[in-house]
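*Asks:*
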Amino acid sequence: MDNPTNQSDEYNKLRQAMDNEDNLMAKVEEIMESTSDKEEAERIIKEKYLPLIEEAVKRTKEALKELREVEKEELKTIEKEMNDLVEEEEDEN
Numbered sequence: 018m019d020n021p022t023n024q025s026d027e028y029n030k031l032r033q034a035m036d037n038e039d040n041l042m043a044k045v046e047e048i049m050e051s052t053s054d055k056e057e058a059e060r061i062i063k064e065k066y067l068p069l070i071e072e073a074v075k076r077t078k079e080a081l082k083e084l085r086e087v088e089k090e091e092l093k094t095i096e097k098e099m100n101d102l103v104e105e106e107e108d109e110n
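Residue numbers (the working numbering): 18 to 110.
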C-alpha cells in the first residue's frame, strides 16, 4: 500500500492553503472596518491583497487536486487488495 502519510501530507497542504486564504480575508475585513475612506480601502485591497488572494486560491485548488489524486491512488490500491483477497479465498475453495 502507498505510504499512509501521503494523504495526511496532502491534507495538511490543503489546510495550510485554506488557512492562508482565511487570514488574507480577515485582513481585508480589517482594512474595510478600520479605514474610514472606503475608496482608499478598496484601492489598498485591490493593489495589495487581491493578487495575494488570487494566488492563495490557486494554491488551494492545486492542493485540493493533489489530495484528490492521492485519494484516488489509495482507493485503487485498496480495491486491488480486496480483489486479491477475494481471489485467494476463491482459490482456497
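Beta carbons: idealized from backbone N, C-alpha and C, even for Gly.
Beta-carbon within less than 6 Å of K30's beta-carbon, same chain only, minus the 5 sequence neighbours each way: which residues are those?
*Replies:* A80
*Asks:* For P68, which residues in the same chain have their Cβ closer than 6 Å to its Cβ, ignoring the five residues on either side in sequence?
*Replies:* none
*Asks:* Buried or exposed for L92, going by 16 or more other Cβ atoms inside 10 Å?
*Replies:* Counting C-beta atoms within 10 angstroms of its own C-beta, L92 has fewer than 16 neighbours from the protein chains shown and is therefore classed as exposed.
*Asks:* Would you kindly check if the distance between the Cβ of L41 and the Cβ of I61 is under 8 Å?
*Replies:* no
*Asks:* Measuring straight from C-alpha to C-alpha, what distance separates V74 and K44?
*Replies:* 15 Å
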